[in-house]
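J.: In this note's numbering, each residue carries its 1-based index in the sequence shown increased by 18.
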Amino acid sequence: MSFAADRGPRGGQRRSIGPWARLSIRWRLGLTSAVLTLVILMGFAVVVGLLTTRQVSADFTRRVQTSANQLVQNIATDTALAPYLIKGGSQISCPALSTLADLAITEDAVIRYMTYDGLTICQTPKAAPYLGSPGPASPSQSVGDYRVEYRVIPVLENLPTGETVVTNGSAILQYARKDTELTDTLTRVRAFLLFGVLGGAALALLAGLALARRAMRPIAELTARAKEIERTRDPRGHVPHPAADDEVAELARTFENMLRALDSARSETESALHRQREFVADASHELRTPLTSVLANLEMLAEDLHGEHHEIAAAALRSSQRMRRLVADLLLLARADAGREAPRAELDLSAVVTEAVAELEPVAGEHRLSVDLEPVRVVGVRDELHRLVLNLLENAVRHTPEGTEIRVSMHVAGDDVLITVEDDGPGVPGEMSEKVFERFVRGGGERAGSSGLGLAIVRAVADSHGGEVALEHPASGRGARFVVRIPGARSAVRASAPADAFA
Numbered sequence: 019m020s021f022a023a024d025r026g027p028r029g030g031q032r033r034s035i036g037p038w039a040r041l042s043i044r045w046r047l048g049l050t051s052a053v054l055t056l057v058i059l060m061g062f063a064v065v066v067g068l069l070t071t072r073q074v075s076a077d078f079t080r081r082v083q084t085s086a087n088q089l090v091q092n093i094a095t096d097t098a099l100a101p102y103l104i105k106g107g108s109q110i111s112c113p114a115l116s117t118l119a120d121l122a123i124t125e126d127a128v129i130r131y132m133t134y135d136g137l138t139i140c141q142t143p144k145a146a147p148y149l150g151s152p153g154p155a156s157p158s159q160s161v162g163d164y165r166v167e168y169r170v171i172p173v174l175e176n177l178p179t180g181e182t183v184v185t186n187g188s189a190i191l192q193y194a195r196k197d198t199e200l201t202d203t204l205t206r207v208r209a210f211l212l213f214g215v216l217g218g219a220a221l222a223l224l225a226g227l228a229l230a231r232r233a234m235r236p237i238a239e240l241t242a243r244a245k246e247i248e249r250t251r252d253p254r255g256h257v258p259h260p261a262a263d264d265e266v267a268e269l270a271r272t273f274e275n276m277l278r279a280l281d282s283a284r285s286e287t288e289s290a291l292h293r294q295r296e297f298v299a300d301a302s303h304e305l306r307t308p309l310t311s312v313l314a315n316l317e318m319l320a321e322d323l324h325g326e327h328h329e330i331a332a333a334a335l336r337s338s339q340r341m342r343r344l345v346a347d348l349l350l351l352a353r354a355d356a357g358r359e360a361p362r363a364e365l366d367l368s369a370v371v372t373e374a375v376a377e378l379e380p381v382a383g384e385h386r387l388s389v390d391l392e393p394v395r396v397v398g399v400r401d402e403l404h405r406l407v408l409n410l411l412e413n414a415v416r417h418t419p420e421g422t423e424i425r426v427s428m429h430v431a432g433d434d435v436l437i438t439v440e441d442d443g444p445g446v447p448g449e450m451s452e453k454v455f456e457r458f459v460r461g462g463g464e465r466a467g468s469s470g471l472g473l474a475i476v477r478a479v480a481d482s483h484g485g486e487v488a489l490e491h492p493a494s495g496r497g498a499r500f501v502v503r504i505p506g507a508r509s510a511v512r513a514s515a516p517a518d519a520f521a
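1. In terms of residue numbering, what span does the beta strand (DSSP E) encompassing R496 cover?
2. Could you pull out every unbroken alpha helix (DSSP H) segment of at least 4 residues lying fully inside the segment 63-145, listed in chain order?
3. What are the boundary residues of the alpha helix (DSSP H) that includes G217?
4. In this structure, how does DSSP classify E412 when only helix, strand and coil are distinguished?
5. Ignore the nearest five residues each way along the sequence and tell me which others in L277's own chain have a CB closer than 6 Å to its CB.
6. Tell me whether D163 is buried or exposed, calling it buried when 16 or more other Cβ atoms sit within 10 Å of its Cβ.
7. Taking just the CA atoms, how far does L387 sit from V371?
8. Rounded to the nearest angstrom, what separates R342 and L348 at their Cα positions?
9. Mind checking whether A100 and I171 have CB atoms under 9 Å apart?
10. Tell me, to the nearest whole angstrom, how far the beta carbon of A363 is from that of V397; I am working on the premise that it is less than 8 Å.
11. Less than 9 Å between the beta carbons of A194 and E175, yes or no?
12. Who are M387's beta bridge partners in DSSP?
13. R165: buried (16+ other C-beta within 10 angstroms of its C-beta) or exposed?
14. Using DSSP with H/G/I as helix, E/B as strand and the rest coil, what is G48?
15. Ordered along the chain, which non-local residues of its own chain (more than five positions away) have a Cβ less than 6 Å from that of R503?
16. Could you give the first and the last residue of the continuous alpha helix (DSSP H) run that contains L378?
17. Taking the continuous alpha helix (DSSP H) assigned at V459, which residues delimit it?
18. Please state if the CB of R44 and the CB of L227 are separated by a distance shorter than 9 Å.
19. For the structure I just gave you, are there three or more beta carbon pairs, one from the segment 133-148 and one from the segment 114-125, closer than 8 Å?
20. Let me know if H404 comes out buried or exposed under the rule of 16 or more other beta-carbons within 10 Å of its beta-carbon.
21. Grab me the residues of M60's own chain with a C-beta within less than 8 Å of its C-beta, minus the 5 sequence neighbours each way, in chain order.
22. Could you give the residue range of the beta strand (DSSP E) that holds D434?
23. Whole-angstrom Cβ separation of E490 and A474, contact assumed at under 8 Å?
24. Measuring only the C-alpha atoms, how far is R465 from V415?
25. R40 lies in the alpha helix (DSSP H); which residues open and close that run?
26. Please state whether DSSP places L349 in a helix, a strand or coil.
27. Nearest by alpha-carbon distance to R336: which of L351, L313, A354 is it?
28. Take S111 and list the residues in its own chain whose beta-carbon comes closer than 6 Å to its own, dropping the five residues that flank it on each side.
29. Is any non-hydrogen atom of the ligand HEM found closer than 8 Å to the C-beta of E359, if you look at the structure I gave you?
30. Quick one: give me the first and last residue of the alpha helix (DSSP H) that A1 is part of.
31. Once DSSP output is grouped into helix, strand and coil, what is the label at G506?
32. So, using beta-carbon positions, are V479 and A488 closer together than 9 Å?
33. Going by DSSP, what residue range makes up the beta strand (DSSP E) through S160?
34. Can you give the Cα-Cα distance for A290 and P37, rounded to whole angstroms?
35. Kindly confirm or deny that the segment 228-247 and the segment 64-72 touch, where touching means at least three C-beta pairs closer than 8 Å.
36. Determine the direct distance from the alpha carbon of L316 to that of E329, and round the result to whole angstroms.
Below is the structure:
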């Protein structure tokens, strides 16, 4: 069996549904709120991060510069901290190295006195890394993890007279501080911004879900009411209205008005159908007596006439018989629609099937009938069950060509009785399989021309007897198989041998 492509109501290809469309409105609103908040907070975090980084870096650089300038001022006021010429002015020493070491430890800094050539005069601490030499115009620079400041300081000399004088030369002060503090501060700021962005997005998601849930609560109540109507098929009842006069309230009012209109239309339809069923039942019942009289008169008239007049009377008799059968069919369906049940009794179903086959044999033509029955008893209406079997047989004869074999079988399956009518004709088209049991549906067989009520009566009789009828497709792939399942009588007696089959 092939399946048609998934198409829209106007025959066009239906658009595929993506993962976003499969989410509920509540989750879509919540996620939209979270994404928008995330984008806004990310932009805010980027701006704040850049400004903070710039400000913190500038503050750190300013502190290093201030410390370097302060040290230069200390050297100017306290000559003990300055470098001195020794050995006749050929070398420079640092008599205040211990004082500089204490200062370096206090400020976690590297202090180095250098010549203009980049040679180190003294440094503290001793294990300080080499941070380069001063450039021609580079009072500040970054070297690795250090922020380095360069300052010019005087070189002093102690005269033999005990006087300390400033020489014509000068040295370079290299003052450096590691930017670990800066890096740690920026890391903490960035972590704070990251967690703030994620936390804000999570709070926005929860707030969006809560708000959407509250906003969708009236819709959920309307949905529950619609499901209740679907389950009970009763459009009457109260439709919940939200307190606010908003779009949801308008939807609730429209939904309620629609239900009232549907209830009114259903009541009108049921009233019309009830009147129609009563009319059909009454008309069918009233037509039975005059039709019986007409049939009797036509039968007597056909016996007394000869030649062309006899043929005319015989044709009128056949038409009247079809009319009587149609009236009987309409009356049976009207009773089934009204839920009226005829008196039931326990009967031999195999005898009913045998009588139906015997009634059909004279009009079966070249069709071959074969019967395989098990004597079994059921509780039902004999005329209706007779009509069920006869309609199945007539349907098989009408829609199959001459020479087709029609097989009738009946056997017990558990507590049920199965009646099967099968043929090897052209079968039922696929598009007709779901409609063959509807009223006034006609097939297109070689002998088509029925009223279209035969299989509808089969289903009505099966339903009224607590059973069902189904159309199946034989394993051979040809023909049609109709299977009727009805409950068997508790006192049903199965014979050990099947009934004689008809040739």
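Using N, Cα and C, we set each Cβ at its ideal position, and we do this for glycine too. The model shown is predicted, which means the values in this text are computed figures rather than measured ones.
T.: Quick look at the numbers:
1. As a first step, residue 496 is located in the sequence shown; it is residue number 478 there, counting from the start. Segment: none, R496 is in no beta strand (DSSP E) and carries neither H nor E.
2. 115-125
3. The residue you call residue 217 lines up with position 199 of the sequence shown. Here the alpha helix (DSSP H) through G217 covers 198-250.
4. The sequence position of residue 412 within the sequence shown is 394, counting from 1. Looking at E412 - three-state DSSP - the assignment turns out to be helix.
5. Here residue 277 is taken as the residue at index 259 of the sequence shown, counted from 1. Excluding sequence neighbours, L277 sits near P253.
6. Here residue 163 is taken as the residue at index 145 of the sequence shown, counted from 1. Classification of D163: exposed, given that the 10 Å Cβ count is below 16.
7. One-based indexing of the sequence shown puts residue 371 at position 353. One-based indexing of the sequence shown puts residue 387 at position 369. Approximately 12 Å between the Cα atoms of the pair.
8. What you label residue 342 is simply residue 324 of the sequence shown in a count that begins at 1. What you label residue 348 is simply residue 330 of the sequence shown in a count that begins at 1. About 10 Å.
9. In the sequence shown, the residue the question calls residue 100 occupies position 82. In the sequence shown, the residue the question calls residue 171 occupies position 153. Cβ atoms of A100 and I171: closer than 9 Å.
10. Position 345 of the sequence shown, counting from 1, holds the residue named residue 363. Position 379 of the sequence shown, counting from 1, holds the residue named residue 397. That pair is a contact at about 7 Å.
11. Taking the sequence shown and counting its residues from 1, the one referred to as residue 194 is at position 176. Taking the sequence shown and counting its residues from 1, the one referred to as residue 175 is at position 157. Contact flag unset, no.
12. Numbered from 1 along the sequence shown, position 369 holds the residue referred to as residue 387. Reading off the sequence, residue 387 comes out as Leu, not Met. Paired residue(s): I424.
13. As a first step, residue 165 is located in the sequence shown; it is residue number 147 there, counting from the start. Counting Cβ neighbours within 10 Å, R165 comes out buried, since at least 16 surround it.
14. In the sequence shown, the residue the question calls residue 48 occupies position 30. In the structure shown, G48 sits in a helix (DSSP, three-state: H, G or I).
15. The count along the sequence shown starts at 1 and reaches residue 503 at position 485. These residues qualify, in order along the chain: D434, L436, G485, E486.
16. Translated into positions along the sequence shown, residue 378 becomes position 360. Run containing L378: 367-378, per the alpha helix (DSSP H) assignment.
17. For the purposes of this step, residue 459 is taken as residue 441 along the sequence shown, with counting starting at 1. Taken as a continuous stretch (DSSP letters only), V459 belongs to no alpha helix (DSSP H), as it is neither H nor E.
18. What you label residue 227 is simply residue 209 of the sequence shown in a count that begins at 1. What you label residue 44 is simply residue 26 of the sequence shown in a count that begins at 1. In contact: L227 and R44 (Cβ atoms closer than 9 Å).
19. yes
20. Residue 404 sits at position 386 when you count from the first residue of the sequence shown. Looking at its Cβ environment, which holds 16 or more other Cβ atoms inside 10 Å, H404 is buried.
21. Locating residue 60 in the sequence shown gives position 42, counting from the first residue. Counting only Cβ-Cβ distances below 8 Å, and skipping sequence neighbours, we find V215.
22. Position 416 of the sequence shown holds residue 434. 434-441 is the extent of the beta strand (DSSP E) around D434.
23. Your numbering for residue 490 matches position 472 in the sequence shown. Your numbering for residue 474 matches position 456 in the sequence shown. In fact, because the Cβ distance is near 18 Å, the residues do not count as touching under 8 Å.
24. In the sequence shown, counting from the first residue as 1, residue 465 sits at position 447. In the sequence shown, counting from the first residue as 1, residue 415 sits at position 397. Confidence at R465 is low in this model, with a pLDDT of 48, below 50, so the placement of that residue is unreliable and no value is reported for it.
25. The residue you call residue 40 lines up with position 22 of the sequence shown. Element bounds for R40: 37-40.
26. Residue 349 sits at position 331 when you count from the first residue of the sequence shown. Note: L349 maps to helix in three-state DSSP.
27. In the sequence shown, the residue the question calls residue 336 occupies position 318. Per the Cα distances, L313.
28. One-based indexing of the sequence shown puts residue 111 at position 93. Around S111: Y102, I104.
29. Annotation note on the ligand HEM: not contained in the displayed structure, which lists no ligands.
30. The structure shown has nothing for residue 1, since the chain only spans 19 to 521.
31. Stepping through the sequence shown from its first residue, residue 506 is reached at position 488. Coil at G506, not helix or strand.
32. Residue mapping note: residue 479 aligns to position 461 of the sequence shown, counting from 1. Residue mapping note: residue 488 aligns to position 470 of the sequence shown, counting from 1. No. Outside cutoff.
33. Counting from one through the sequence shown, the residue named residue 160 turns up at place 142. Taken as a continuous stretch (DSSP letters only), the beta strand (DSSP E) holding S160 covers 158-161.
34. Position 272 of the sequence shown, counting from 1, holds the residue named residue 290. Position 19 of the sequence shown, counting from 1, holds the residue named residue 37. Computed Cα separation, rounded: 48 Å.
35. no
36. One-based indexing of the sequence shown puts residue 329 at position 311. One-based indexing of the sequence shown puts residue 316 at position 298. Distance between the alpha carbons of E329 and L316: 11 Å.
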